[in-house]
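If you read the sequence shown in the working numbering, its first letter stands for residue 3, the second for the next number, and so on.
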Amino acid sequence: MALIRIMDKKNNNMRNLKDLEIWFITGSQHLYGPEILKTVEENALTIANSLSNDENIPLKILFKPIVKTTEEIFNLMLDANYSTQCVGIITWMHTFSPAKMWINGLKILHKPLCHLHTQFNRDIPWGTIDMDFMNLNQSAHGDREFGFILTRMGIKRKIITGHWRDSSVVLQINHWIRAALAWHDWQGAKFVRFGDNMRQVAVTEGDKVEAQIKFGFQVNTHGVGDLVTEIEKVKNAEIDDLCEVYGKEYYLNTSLLKEGIHHKSLREAAKIELGLNNFLAKENYKGFTTTFEDLHGLTQLPGIAVQRLMQKGFGFGAEGDWKTAALLRAMKTMSFGLAGGNSFMEDYTYHFEPNNELVLGAHMLEICPSIAIKKPSCEIHPLGIGGKADPVRLVFNVQGGKALNASLIDLGHRFRLLVNEVKAVEPKFNLPKLPVARVLWKPLPDMKNAITAWLLAGGAHHTVYSQSVTSEILFDFAEIAGIELVLINDETKNMTHFNNELRQNEVSRK
Ligand code: MN
Numbered sequence: 003m004a005l006i007r008i009m010d011k012k013n014n015n016m017r018n019l020k021d022l023e024i025w026f027i028t029g030s031q032h033l034y035g036p037e038i039l040k041t042v043e044e045n046a047l048t049i050a051n052s053l054s055n056d057e058n059i060p061l062k063i064l065f066k067p068i069v070k071t072t073e074e075i076f077n078l079m080l081d082a083n084y085s086t087q088c089v090g091i092i093t094w095m096h097t098f099s100p101a102k103m104w105i106n107g108l109k110i111l112h113k114p115l116c117h118l119h120t121q122f123n124r125d126i127p128w129g130t131i132d133m134d135f136m137n138l139n140q141s142a143h144g145d146r147e148f149g150f151i152l153t154r155m156g157i158k159r160k161i162i163t164g165h166w167r168d169s170s171v172v173l174q175i176n177h178w179i180r181a182a183l184a185w186h187d188w189q190g191a192k193f194v195r196f197g198d199n200m201r202q203v204a205v206t207e208g209d210k211v212e213a214q215i216k217f218g219f220q221v222n223t224h225g226v227g228d229l230v231t232e233i234e235k236v237k238n239a240e241i242d243d244l245c246e247v248y249g250k251e252y253y254l255n256t257s258l259l260k261e262g263i264h265h266k267s268l269r270e271a272a273k274i275e276l277g278l279n280n281f282l283a284k285e286n287y288k289g290f291t292t293t294f295e296d297l298h299g300l301t302q303l304p305g306i307a308v309q310r311l312m313q314k315g316f317g318f319g320a321e322g323d324w325k326t327a328a329l330l331r332a333m334k335t336m337s338f339g340l341a342g343g344n345s346f347m348e349d350y351t352y353h354f355e356p357n358n359e360l361v362l363g364a365h366m367l368e369i370c371p372s373i374a375i376k377k378p379s380c381e382i383h384p385l386g387i388g389g390k391a392d393p394v395r396l397v398f399n400v401q402g403g404k405a406l407n408a409s410l411i412d413l414g415h416r417f418r419l420l421v422n423e424v425k426a427v428e429p430k431f432n433l434p435k436l437p438v439a440r441v442l443w444k445p446l447p448d449m450k451n452a453i454t455a456w457l458l459a460g461g462a463h464h465t466v467y468s469q470s471v472t473s474e475i476l477f478d479f480a481e482i483a484g485i486e487l488v489l490i491n492d493e494t495k496n497m498t499h500f501n502n503e504l505r506q507n508e509v510s511r512k
C-alpha cells in the first residue's frame, strides 16, 4: 500500500484512494467440517493480509469471511455491488466449492473480478503429505470448477495463476487493480466538451449514449460562453500568484516576464487556467475537450492551461475528442504512483530515413508536462490557425525508453481499444523552430508493420501516450469494460495474421 502516499502528493485531482479496497473472497463448502474450515479461513486471512501489506499492491485488500453456501455468496456479491469502496473482488477456491452455489451471486455481480488461482502452500510436503493435506489444499481442482462456471456464464475476469508470494503474481494483481481502479473512476464520471467536434472530422466522433451504457461515464456539452463567464470571475490577485508559479516551474521567455511585451498574454493564459480549473471543479468534471474552431469570447486557445490541467490528472482531448479525454483520465488513474507520465498525443509527422524510421508526436499546444524530460520552457508563438491571439504554451522534449500509444475508437457497433508499444528516442537535434512539446518514437515491431497494422485496425491520429501504463493493464481494462483490445507490438510481424485477427474479432463481438 506504499504507493498511495506518493499518489496523493502527485495529483490533487484524484482523492479518496485510501478509502478504496479490493475484497478477498474465498470459496469453500460445509462438507469438510468446522476444523478444516477454520484452517481455510486462517490461510485466506494470511494471504489477504500479506497482499494488503505488500508495497507493490496499490490498494487495501480486505479479507472477507469465507463463503460456503449459495446464500452467503449471493449476499456478499450484493454487498460488493452496493459498496462504494469496493473497486473489485479477488476470488480463490482454497477447497472445492461446488459452482452451482456461485451462479446466483455471479449473475448479479457488477464489480471487476480477478480469479486468483493459487495455493496456500508453495511446495508439496513430500515426506508428510496425507489425505488430510489433500482434502485441505484443493485449489488445483476447486478453481477449475470455478473457472468452468465463469466460462459457462460468459463472465469476463482476470485469471492469475501462481503462488501468492511470487513477485510475478503480485505484479499481475497490481496491474489488475490499476485497471479496476480506472474502471471505478469512470463509473458516474462526467466529461465536458466546450463546443462541438472539429468540423467534419470522423474519428473524434462517436456514440455518447453507447459509451455511457458501456463505460459508465457521461459526456456533456457546454457552450464556450459558460467557460468564459467562469474565466471572467477570476481575480487579479489569483492571476498574480499563478504567474509567479509559472516563473518558478518553467523557464519563461523574456517577453513573458513582468516587463516583457507579452506579459499580458501570460496573465491571460493564467486567467484561462484558473477559470477552466474552477469550472471543472464546480461541476465535478474529470476531463474536457476544446476546439480551436469554437473559441468565442476566449482571447487565445488554451495551451498552458490544458497542459497543466492534464498534469493535475484531468483527461483531455483536442478538437472535441471526448473518447481520448476519457481514456487519458483512465490511464492517469491506472498509473497512480508509477514513474512516468501520460499525455494526449497526436502522430504528427514521419522520419522515413532507412533503418532509422521515427514518428514525431506532438500537438498544436496540448502535450502534458508529466512526460517532460526536464523543466519546460514557457513560450509564446503565433498559432497559424483559429484566428486568435498568440497562445502561451510549454515546450519540452521527452526522454527515450519504453512507452505506448493507445486509441479508443467507435466502430459503429462496438468500441475498440488499439495499443501500439513503442520505443521513445531522445531527440538528437534541438528543433529550434518547433514551438511545441514533442516526442520521437519508433513504433514496434517496426515502422512499416506497426503503422500498416494501425491503419488496418482503424486507429485514430489522437492517442494517449503513456510511459507508465503497460499493455497488460490496458488488456485488463478492456476485459473489464467488455471491449476488444488489439495489440501491435514486437510480435506483430505478419499482416495476414493481423488482418485475420481483426476479421475474427468482427465475428465474435464479445
Ligand atoms: Mn488534433
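Glycine included, each C-beta is placed from N, C-alpha and C at the ideal position.
All values reported here derive from a predicted model rather than from experimental measurement.
query: Is it the case that the CB of residue 295 approaches a heavy atom of ligand 1 more closely than 7 Å?
result: Within the sequence shown, residue 295 is the residue found at index 293, counting from 1. For ligand 1, not one heavy atom lies less than 7 Å from the Cβ of residue 295.
- prompt: Where does residue 61 land, buried or exposed, given buried means 16+ other C-beta within 10 angstroms?
  reply: Indexing the sequence shown from 1 puts residue 61 at position 59. Counting Cβ neighbours within 10 Å, residue 61 comes out buried, since at least 16 surround it.
- request: Select from 379, 386, 178 and 264 the residue whose C-alpha is nearest the C-alpha of residue 335.
  value: Locating residue 335 in the sequence shown gives position 333, counting from the first residue. Residue 335 has its Cα closest to that of 178, out of 379, 386, 178 and 264.
Under the three-state DSSP convention, the category residue 422 falls into: Taking the first residue of the sequence shown as 1, we reach residue 422 at position 420. In the displayed model, residue 422 falls within a strand according to three-state DSSP.
Residue environment, residue 270, which counts as buried when at least 16 other CB atoms sit within 10 Å: Walking along the sequence shown from the start, residue 270 turns up at place 268. Residue 270 is buried by the Cβ-count criterion.
message: Along the chain, where does the alpha helix (DSSP H) containing residue 246 start, and where does it finish?
response: Looking up residue 246 in the sequence shown gives position 244. Here the alpha helix (DSSP H) through residue 246 covers 238-251.
- request: Specify which residues have a beta carbon nearer than 6 Å to any heavy atom of ligand 1, listing them in chain order.
  value: 320, 321, 348, 365 and 464
Length at least 4, wholly inside the region 36-102: the alpha helix (DSSP H) runs in chain order: 36-55 and 72-84
- request: Report the three-state DSSP secondary structure of residue 160 (helix, strand or coil).
  value: By 1-based counting over the sequence shown, the position of residue 160 is 158. Strand, per DSSP.
field: Cβ neighbours of residue 329 in the same chain (closer than 6 Å, five flanking residues each side left out)
entry: To locate residue 329, count along the sequence shown from 1; it is residue 327. For residue 329, where only same-chain residues beyond five positions count, the Cβ hits under 6 Å are 410 and 466.
field: residue 133 to residue 147 span [Cα, whole Å]
entry: Sequence index remark: in the sequence shown, residue 133 carries index 131 (1-based). Sequence index remark: in the sequence shown, residue 147 carries index 145 (1-based). In a straight line, the C-alpha of residue 133 is about 20 Å away from that of residue 147.
7 Å Cβ shell around residue 495 - same chain, five flanking residues per side excluded: Residue 495 sits at position 493 when you count from the first residue of the sequence shown. Cβ neighbours of residue 495 beyond the five flanking positions: 447 and 451.
message: What residue range does the alpha helix (DSSP H) around residue 200 cover?
response: Locating residue 200 in the sequence shown gives position 198, counting from the first residue. Looking at the DSSP string, residue 200 is not in any alpha helix (DSSP H), and its letter there is neither H nor E.
message: Could you give the first and the last residue of the continuous beta strand (DSSP E) run that contains residue 349?
response: Working through the sequence shown from its first residue, we reach residue 349 at position 347. Residue 349: member of the beta strand (DSSP E) spanning 344-353, first to last residue.
- request: Please report the residue range of the alpha helix (DSSP H) in which residue 170 lies.
  value: For this step, residue 170 is matched to residue 168 along the sequence shown. Looking at the DSSP string, the run of the alpha helix (DSSP H) that includes residue 170 is 169-188.
query: Using 8 Å as the threshold, is the region 116-130 in touch with the region 56-71, meaning 3 or more CB pairs across them?
result: no
task: Enumerate in chain order the residues of its own chain whose CB-to-CB distance from residue 333 is below 6 Å, with the five nearest sequence positions on each side excluded.
output: Locating residue 333 in the sequence shown gives position 331, counting from the first residue. So the qualifying residues of the chain are 344, 466, 468 and 471.
message: Assuming contact is defined by CB atoms lying nearer than 8 Å, are residue 398 and residue 368 in contact in what I supplied?
response: Here residue 398 is taken as the residue at index 396 of the sequence shown, counted from 1. Here residue 368 is taken as the residue at index 366 of the sequence shown, counted from 1. Result no, Cβ atoms of residue 398 and residue 368 do not sit closer than 8 Å.
message: So, does the region 179-190 touch the region 82-100, judging by three or more C-beta pairs under 8 Å?
response: yes
- prompt: Which residues bound the beta strand (DSSP E) around residue 471?
  reply: The sequence position of residue 471 within the sequence shown is 469, counting from 1. Where residue 471 is concerned, there is no enclosing beta strand (DSSP E), given that its DSSP letter is neither H nor E.
field: Option nearest residue 485 by Cα separation, candidates 412, 322, 291 and 321
entry: Within the sequence shown, residue 485 is the residue found at index 483, counting from 1. Of 412, 322, 291 and 321, the residue nearest in Cα terms is 412.
task: Return the CA-CA distance between residue 168 and residue 222, expressed in angstroms with no decimal places.
output: Residue mapping note: residue 168 aligns to position 166 of the sequence shown, counting from 1. Residue mapping note: residue 222 aligns to position 220 of the sequence shown, counting from 1. About 45 Å.
- prompt: Is residue 74 near ligand 3, with its Cβ less than 7 Å from a heavy atom?
  reply: You won't find ligand 3 in this model; what it holds is ligand 1.
- request: Note down the Cα distance separating residue 454 from residue 505, rounded to an integer number of angstroms.
  value: The residue labelled residue 454 in the question sits at position 452 within the sequence shown. The residue labelled residue 505 in the question sits at position 503 within the sequence shown. Roughly 16 Å separates the two Cα atoms.
Exposed unless 16 or more other CB atoms sit within 10 angstroms - verdict on residue 227: Sequence index remark: in the sequence shown, residue 227 carries index 225 (1-based). Exposed.
Cβ distance (whole Å) where residue 419 is taken to contact residue 487 below 8 Å: The count along the sequence shown starts at 1 and reaches residue 419 at position 417. The count along the sequence shown starts at 1 and reaches residue 487 at position 485. 5 Å between Cβ atoms; contact.
query: Where does the unbroken beta strand (DSSP E) through residue 148 begin, and where does it stop?
result: Translated into the one-based positions of the sequence shown, residue 148 becomes position 146. Premise fails: residue 148 lies in the alpha helix (DSSP H), 141-154, not in any beta strand (DSSP E).
message: Taking the alpha-carbon of residue 103 as reference, which of 122, 244, 74 and 490 has the nearest alpha-carbon?
response: Position 101 of the sequence shown holds residue 103. That would be 74, whose Cα lies nearest to the Cα of residue 103.
query: When burial is assigned at 16 or more other CB atoms within 10 Å of the CB, is residue 365 buried or exposed?
result: Locating residue 365 in the sequence shown gives position 363, where the first residue counts as 1. Looking at its Cβ environment, which holds 16 or more other Cβ atoms inside 10 Å, residue 365 is buried.
- prompt: For residue 395, does the count of other Cβ atoms within 10 angstroms reach 16, so buried, or fall short, so exposed?
  reply: As a position in the sequence shown, residue 395 is number 393, starting the count at 1. Buried, by the Cβ-count rule.
- request: Compare the Cα-Cα distances from residue 375 to each of 402, 267 and 435 and report the closest residue.
  value: For the purposes of this step, residue 375 is identified with residue 373 of the sequence shown, where counting begins at 1. Residue 402 is the option with its Cα nearest to residue 375.
task: Let me know the secondary structure DSSP gives residue 5 once reduced to three states.
output: The residue you call residue 5 lines up with position 3 of the sequence shown. For residue 5, the predicted model reports a pLDDT of 41, less than 50, meaning its position is unreliable; a value from the coordinates is still stated below. Reduced to three states, the DSSP call for residue 5 is helix.
- prompt: Looking only at its own chain, which residues have a Cβ that is under 6 Å from the Cβ of residue 29, when we skip the five neighbours before and after it?
  reply: As a working note, residue 29 is residue 27 in the sequence shown. In chain order, 69, 95 and 99 place their CB closer than 6 Å to the CB of residue 29, counting only its own chain and leaving out the 5 sequence neighbours on each side.
message: Please return the same chain residues whose Cβ sits closer than 6 Å to the Cβ of residue 498, not counting the five positions on each side in sequence.
response: Numbered from 1 along the sequence shown, position 496 holds the residue referred to as residue 498. Nothing listed; no residue qualifies.
- prompt: Hey, residue 268 and residue 248 are a contact pair by Cβ (cut 8 Å); roughly how many whole angstroms apart?
  reply: Taking the sequence shown and counting its residues from 1, the one referred to as residue 268 is at position 266. Taking the sequence shown and counting its residues from 1, the one referred to as residue 248 is at position 246. Residue 268 to residue 248, Cβ: 7 Å. Contact.
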